[in-house]
Amino acid sequence: MATQGDGERGGGVINYIIRRVLYALPILIGVNLITFALFFVVNTPEDMARMQLGMKRVTPEAIERWKAERGYDKPLVFDASKQGVHAVTETIFFEKSAAMFALNFGQADDGRDIASEIAKRAGPSLAIALPVFVVGLMTMVSVALLMVFFRATYVDAGGVVLCVALMSISALFYIIAGQWLVAKVWRLVPISGFADGGDALRFLLLPVLIGVVSGIGSGARWYRTLFLEEINREYVRTARAKGLSELQVLFRHVLRNGLIPILTASVAAIPLLFMGSLLTESFFGIPGLGSYTIDAINHQDFAVVRSMVFLGSALYIVGLVLTDISYTWADPRVRLE
Amino acid sequence: MSAFLGFKPALLWTDALLLLLVVAVLLVVRHIRRHEHLAAPWRKVALSRAGMVSATVLMVFATIGLLDSMHYRPELPREPGAPAGAVRYAVEMRSLLDHLLDPLPVQVETSYSAPLATQAFNKTSMESDSGTVRDYPRLKFGGAHLSDSNTQWATDISARVLRGTLWGLATGLAILLFAAFVRGPAQALSRLFRWLVGNGDDAVHCVAWTVLALSVLGGAVATLAQGYHVFGTDKVGQDVLYQILKSIRTALVIGTLTTLVTLPIGVVLGIAAGYFRGWIDDVIQYLYTTLNSIPGVLLIAAAVLMTQVFMDTHPEAFETVTERADFRLLFLCLILGITSWTGLARLLRGETLKLRELEYVQAAQAFGVSSAAIIGRHIVPNVMHIILISLVMDFSGLVLAEAVLSYVGVGVDPSMISFGTMINSARLEMAREPMVWWALAAAFVVMFVLVLAANLFADAVRDALDPRTRVRGVA
Chain U
1 MATQGDGERG GGVINYIIRR VLYALPILIG VNLITFALFF VVNTPEDMAR MQLGMKRVTP
61 EAIERWKAER GYDKPLVFDA SKQGVHAVTE TIFFEKSAAM FALNFGQADD GRDIASEIAK
121 RAGPSLAIAL PVFVVGLMTM VSVALLMVFF RATYVDAGGV VLCVALMSIS ALFYIIAGQW
181 LVAKVWRLVP ISGFADGGDA LRFLLLPVLI GVVSGIGSGA RWYRTLFLEE INREYVRTAR
241 AKGLSELQVL FRHVLRNGLI PILTASVAAI PLLFMGSLLT ESFFGIPGLG SYTIDAINHQ
301 DFAVVRSMVF LGSALYIVGL VLTDISYTWA DPRVRLE
Chain C
1 MSAFLGFKPA LLWTDALLLL LVVAVLLVVR HIRRHEHLAA PWRKVALSRA GMVSATVLMV
61 FATIGLLDSM HYRPELPREP GAPAGAVRYA VEMRSLLDHL LDPLPVQVET SYSAPLATQA
121 FNKTSMESDS GTVRDYPRLK FGGAHLSDSN TQWATDISAR VLRGTLWGLA TGLAILLFAA
181 FVRGPAQALS RLFRWLVGNG DDAVHCVAWT VLALSVLGGA VATLAQGYHV FGTDKVGQDV
241 LYQILKSIRT ALVIGTLTTL VTLPIGVVLG IAAGYFRGWI DDVIQYLYTT LNSIPGVLLI
301 AAAVLMTQVF MDTHPEAFET VTERADFRLL FLCLILGITS WTGLARLLRG ETLKLRELEY
361 VQAAQAFGVS SAAIIGRHIV PNVMHIILIS LVMDFSGLVL AEAVLSYVGV GVDPSMISFG
421 TMINSARLEM AREPMVWWAL AAAFVVMFVL VLAANLFADA VRDALDPRTR VRGVA
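Residue numbers (this note's numbering), protein chains in the order written: chain U, 1 to 337; chain C, 1 to 475.
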């Protein structure tokens, strides 16, 4: 994939993207098969109906009705009684699993269309996840640069210990403690809730802050090692030798080269921002995709969970492709073949 | 035999696997001690202060967890009319830890009470001589030995803390003396003195003081727990300290048993992909990219939901609630393992790709040595550090993941005590006025100590074992 060479840039990238998308297809099919196996083969629709309707005194008619309402009353992969294509198309696999490739996710248990629900909820999810991502990245890089600037001093050593301590704290603690301190004791922002438009800001402040703080520990520590790897390189020594100050060396040389792995690793995470954060959204009552998923898990809404698994995988694969492309933008030495 | 003992040993699935893991670790330790080149990096771990102090703390956690993994079913008192030979055992299992903590598990209050309290947290109506009054009732067990709780409480607490501290100090010194004696009976006392004053090795000095500090803490908590609920009680009146101690086993099981799944899959597939290349590599890469592309929590959620369906449709497979919860715990480990082997496999594949091009491997291939022998003799020993580092690094993440998963509702069985279920049930109590904070605080603090110790130990191991940091000398 990414190798050195001197092919022409523009056409190469497009060819490359096409090839990556073709390569992504079998992966999506694999995900599709895994979810199909998990949801329909390991346990039959009959088992699911029995569980949802309560274990005791379930009449066979009630089970049949439950299955019919959700379209689960068909054969799994092949219907020998039907003619031609219908033998394959009028099955659970085709209607429930394969249809997801056409972004047709079907209906949730409450009767709403899952695809439109996803479209509606992606906005609020993004409103939290995007600021957390951008502000978090900048904070982590700044903290890491600070530690590198003071490397081999007590500031650096103390910073590393602090990072390890921060990453040892449960994500649940950050949220619960943050809600308690900022929203309940100081009464600066509402504890939870969401509003559209400009009013959203006061609801978003705390979750974004918590998201940033909870990520600093592991992020800053990792970036610090990346920068430290750069700082012993020869070009840095050259920069110092020609008389640049330490700050100039850090920002002009170390930061720029150290950012390459950071940016390319971050690009992979961007598409997944749409999925939102399960914990933050459910604690703060934000109507995004994260809380949608949690609600579906708690209500055992299998159709929604299935759709979210597929959506998450598709976004992950988009992230993989974007990562490869971003290599070429960030690092001119890399060419796509 | 069991009739004579008065109890019947019971082995849960996770108990057996945990035992297996302990045996495996002991065998590995023995193997490493016999080979100088393997022992050398570990000696570096032994010199690291943070590494050894955290290892000491982890040992305490491990001891509690192992004590809680030895289950038995106590004998029921004989019914009056029963024949002489008939012995019946309780359905519910108890662990050795429960036995040691007796009577803490059964000292259940009616509802909330604050740490070290003598009165309940909520007012109730009580009958007294002057009619019905609403007041805070005295607890059934917490401070029950005091006749006048207002005046005696402070004295009793300080007396207990003092007594516990002295006991702890004595126990700690005894442990250290025993350790010094094992090191060499000749100069045990002077060695102990050296450890404490710090003339000796730096890390040993720190470990000695950690042992003392932990014993004092343990002694104080133990003496207080005999008369009070040290961390208070929860909604149903259950002692929080007891729940914390029980949670440790759940965390350890998840953190360690998952590796039993991760390790074989990750090692076999990772090395096979790197060594054989070609279509084997393609298939394995496809496999882990596919698994990786499913968001972890969602895959776990989907799998756990399906287990739940299975458990609900097959209630006859589980005799007791404990067995049912244990099955779910085991299954959670399996799922976590299946979702987390990809990282290890990818690392091993990359390293094996590099190793197979080295001269000695090429030479072995030219001599016609079989692939299995080459992998066993040349590849595996050279990737061992990657395996060990990723094992210790994974532990803390798994402990943290358990809490989050249990919150989401796809973690351990709700009937099983764990940090996640504790946090989950205590979470809503933050909204009460005045606040019920102790259960949450206790769970978070103990979890933090466990994870921090695991992280620091993992860092020490990585610094010592990773050849890259060894060469660069970056601490």
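Virtual Cβ for every residue (Gly too), placed ideally from N, Cα, C.
Please confirm whether residue i and residue j have their CB atoms less than 8 Å apart.
| i | j | result |
| --- | --- | --- |
| residue 111 of chain C | residue 68 of chain C | no |
| residue 21 of chain C | residue 254 of chain C | no |
| residue 336 of chain C | residue 308 of chain U | no |
| residue 114 of chain C | residue 232 of chain C | yes |
| residue 18 of chain C | residue 257 of chain C | yes |
| residue 181 of chain C | residue 188 of chain C | yes |
| residue 302 of chain C | residue 38 of chain U | yes |
| residue 7 of chain C | residue 103 of chain C | no |
| residue 276 of chain U | residue 129 of chain U | yes |
| residue 55 of chain C | residue 172 of chain U | no |
| residue 118 of chain U | residue 305 of chain C | no |
| residue 250 of chain C | residue 344 of chain C | no |
So, for residue i: in the same chain, excluding its five sequence neighbours on each side, which residues have a beta-carbon less than 7 Å away from its beta-carbon?
| i | result |
| --- | --- |
| residue 326 of chain C | 12, 13, 14 |
| residue 132 of chain U | 208, 211, 212 |
| residue 133 of chain C | 126 |
| residue 218 of chain C | 168 |
| residue 474 of chain C | Per-residue confidence for residue 474 of chain C stands at a pLDDT of 40, beneath the threshold of 50, marking its modelled position as unreliable; the derived number appears in the next sentence. Correct list: empty, nothing qualifies. |
| residue 190 of chain U | 183, 202, 203 |
Looking at chain C, is there any beta carbon in it that lies within less than 8 Å of the beta carbon of residue i?
| i | result |
| --- | --- |
| residue 257 of chain U | no |
| residue 70 of chain U | no |
| residue 92 of chain U | no |
| residue 267 of chain U | no |
| residue 50 of chain U | yes |
| residue 45 of chain U | no |
| residue 313 of chain U | yes |
| residue 275 of chain U | yes |
| residue 222 of chain U | no |
| residue 292 of chain U | no |
Check whether the Cβ of residue i lies closer than 8 Å to any Cβ atom in chain U.
| i | result |
| --- | --- |
| residue 393 of chain C | no |
| residue 312 of chain C | yes |
| residue 160 of chain C | no |
| residue 470 of chain C | For residue 470 of chain C, the pLDDT reaches just 49, beneath the cut-off of 50, and the residue's location in the model is therefore unreliable, leaving the point undetermined. |
| residue 459 of chain C | yes |
| residue 112 of chain C | no |
| residue 115 of chain C | no |
| residue 430 of chain C | yes |
| residue 407 of chain C | yes |
| residue 444 of chain C | yes |
| residue 474 of chain C | For residue 474 of chain C, the pLDDT reaches just 40, beneath the cut-off of 50, and the residue's location in the model is therefore unreliable, although a value from the coordinates is still provided. At least one chain U Cβ lies under 8 Å of residue 474 of chain C. |
| residue 504 of chain C | Beyond the ends of chain C as shown, which are 1 and 475, falls residue 504 of chain C; an answer cannot be given. |
Examine the ligand GDP and report whether any of its heavy atoms sits within less than 7 Å of the Cβ of residue i.
| i | result |
| --- | --- |
| residue 200 of chain U | Of ligands this structure carries none, so the ligand GDP is not represented either. |
Under three-state DSSP, which class holds residue i?
| i | result |
| --- | --- |
| residue 153 of chain U | coil |
| residue 295 of chain U | helix |
| residue 9 of chain C | strand |
| residue 207 of chain C | helix |
| residue 179 of chain U | helix |
| residue 282 of chain U | helix |
| residue 168 of chain C | helix |
| residue 199 of chain U | helix |
| residue 226 of chain C | coil |
| residue 152 of chain C | helix |
| residue 47 of chain U | helix |
| residue 463 of chain C | helix |
| residue 107 of chain U | strand |
| residue 113 of chain U | strand |
Pull up the DSSP beta-bridge partners for residue i, would you.
| i | result |
| --- | --- |
| residue 134 of chain C | C:125 |
| residue 71 of chain C | C:10, C:95 |
| residue 89 of chain C | C:75 |
| residue 239 of chain C | C:233 |
| residue 119 of chain C | C:138 |
| residue 326 of chain C | DSSP output for residue 326 of chain C lists no bridge partner at all. |
Which same chain residues, not among the five before or five after residue i, have their C-beta less than 6 Å away from its C-beta?
| i | result |
| --- | --- |
| residue 364 of chain C | 374 |
Quick one: residues in its chain with C-beta nearer than 8 Å to the C-beta of residue i, no 5 flanking neighbours on either side, listed in chain order?
| i | result |
| --- | --- |
| residue 103 of chain U | 115 |
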